[in-house]
Amino acid sequence: MRRPAPLRPAPGRTVPFLSALAATALLLTACGTEHDGAGNTGVGGSESPARTQVDDPGKDGVRVTSLTLPSPSPSPTRSSSVSADSLPKDSGIVAAYEVVNKGTETLTYTVVITFMSADGGAMANQTVTVRDVGPRKTVRGTVRAGVLPLTTPRVTGAKVLEVTKVPSNEAPAAPGTCPASGIRVSADRGDAAMGLRVVGLHLDNCGTRDYSVDGYPVLELLDDDLQHVDGIKILDGGGGIAPGGVNDKPAGPVTLKPGESALATLVWRNTTQFGTAVNVPYVRVRAKAGAAPVIVTPNLDLGTTGKLGVTAWRSAED
812 MRRPAPLRPA PGRTVPFLSA LAATALLLTA CGTEHDGAGN TGVGGSESPA
862 RTQVDDPGKD GVRVTSLTLP SPSPSPTRSS SVSADSLPKD SGIVAAYEVV
912 NKGTETLTYT VVITFMSADG GAMANQTVTV RDVGPRKTVR GTVRAGVLPL
962 TTPRVTGAKV LEVTKVPSNE APAAPGTCPA SGIRVSADRG DAAMGLRVVG
1012 LHLDNCGTRD YSVDGYPVLE LLDDDLQHVD GIKILDGGGG IAPGGVNDKP
1062 AGPVTLKPGE SALATLVWRN TTQFGTAVNV PYVRVRAKAG AAPVIVTPNL
1112 DLGTTGKLGV TAWRSAED
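Note that this note's numbering has the sequence shown beginning at 812, numbered continuously upward.
So this is what it looks like as structure tokens:
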């Protein structure tokens, strides 16, 4: 299960008023404004940010084109008092990107952009979703680095770290929207421990009528080119992957009233022995046979196990 590169921890600093600072930060954050998408600030705000071109080769038609950086601020002096000015605030660090769809169908892109220090260390990763990019079309946008700790090394660059793309008519619904089908299907970020991988599938009834499922979601495994992957057994339940299963409930009918949700779980191991390891970036999910398909991106690193378990739908209230 691929994950963006871990961020480099900021160097430690002994600050006598750290506890008070953290408490004050929590209070002030609670009163702040929530921003859509990726963040705001980094280290050292500036009144005259400088925009520089970025030489990013990009990936899959997505690249960073420029970076806006604030001028360095004077180093903060030690003080026994805490004020709003001494707390982390919007950095003004902004990466501009462009998405070029060279294909023949409308695509929705999910892009991870990493903001880097001078030595290439990752200071922040931000994810942006670019929806409905038509064939042969180019879409441009910006993404902010986010609020960074005061001790973060200065950001000097940005690049595209990861790109996934799916046909827009099979992309998970945007937050706060409801498809014509009245149901939303999505996948969470999952959990990985001791070689056991677990990703949750979420089924939300956002429509106006009851919606019923009975048994297991219908899955199709897809490669990087969104083509069918052969040779992988899809098992009912997680017992064939982990003794006792994972979140296993007996398969049976589940009826969701408007506003209710159901869950299922993908379970696998990434054990690698003899043979070629198999990675499956995409899974086409149907809540039940005949339902509208949705492509999620769990990045299944199946190793050489040749199998994937999926639990039956269960009410999120269970």
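Ideal placement from N, C-alpha and C gives every residue a C-beta, glycine not left out. This structure is a prediction, so every number in the text was calculated from the model and none was measured.
- Within the region 982 to 1059, the beta strand (DSSP E) runs of at least 3 residues that lie entirely inside it are, in chain order, 994 to 998, 1002 to 1004, 1007 to 1016, 1022 to 1025, 1029 to 1033 and 1044 to 1047.
- Under the three-state reduction of DSSP, Ser928 is assigned to strand.
- With fewer than 16 neighbouring CB atoms inside 10 Å of its own CB, Arg942 falls in the exposed class.
- For Arg995, the closest C-alpha among the options Arg1097, Glu1031, Lys913 and Thr1108 is that of Arg1097.
- Under the 8 angstroms Cβ criterion, the region 946 to 965 counts as touching the region 906 to 914, having at least three qualifying pairs.
- Rounded to the nearest whole angstrom, the CA to CA distance from Gly1011 to Gly1001 is 6 angstroms.
- Bounds of the beta strand (DSSP E) holding Gln937 are Ala933 to Val944.
- Thr1115 and Asn1090 have their alpha carbons spaced roughly 9 angstroms apart.
- By the 16-neighbour rule on beta-carbons within 10 angstroms, Gly987 is exposed.
- Per the C-alpha coordinates, the member of Val954, Gln864 and Lys1118 positioned closest to Asp1041 is Lys1118.
- Pairing Tyr1022 with Lys1044, the inter-Cα distance amounts to about 28 angstroms.
- The criterion of a C-beta distance shorter than 9 angstroms is not satisfied by Asp999 and Tyr1093.
- Across the set Ala929, Gly932, Ile924 and Ala1088, the C-alpha of Ile924 shows the shortest separation from the C-alpha of Val939.
- In this structure, the CA atom of Asp1025 is about 30 angstroms from the CA atom of Ala1004.
- Spanning the alpha carbons of Val1105 and Ser882 requires a straight line of approximately 44 angstroms.
- Between Val905 and Arg955, the C-beta spacing is below 9 angstroms.
- Per DSSP, the continuous beta strand (DSSP E) segment holding Val966 begins and ends at Val966 to Pro978.
- The beta carbons of Met934 and Val974 sit about 20 angstroms from each other, so the pair does not count as a contact at 8 angstroms.
- Using a Cβ distance threshold of 9 angstroms, Val1078 and Gly968 do not count as a contacting pair.
- Annotation: the continuous beta strand (DSSP E) that includes Thr876 extends over Val873 to Leu880.
- By the neighbour-count definition (other C-beta atoms within 10 Å, threshold 16), Arg1080 is a buried residue.
- Distance from the CA atom of Asp1047 to the CA atom of Leu1111, rounded to whole angstroms, is 17 angstroms.
- By the neighbour-count criterion, in which a residue is buried when 16 or more other Cβ atoms sit within 10 angstroms of its Cβ, Arg1125 is buried.
- Between Gly1120 and Gly1056, the C-beta spacing is below 9 angstroms.
- Within the same chain, Gly1114 and Thr1115 come within 8 angstroms of Gln1084 by CB-CB distance, once the 5 residues on both sides are set aside.
- About 20 angstroms separates the beta carbon of Pro1064 from that of Thr1019, a gap too long to meet the 8 angstroms contact definition.
- Under the three-state reduction of DSSP, Asn1090 is assigned to strand.
- The criterion of a C-beta distance shorter than 9 angstroms is not satisfied by Ala1127 and Ala1088.
- Taking all protein chains in view, the Cβ of Thr915 is surrounded by fewer than 16 other Cβ atoms within 10 Å, so the residue is classified as exposed.
- Rounded to the nearest whole angstrom, the CA to CA distance from Lys976 to Ala1123 is 27 angstroms.
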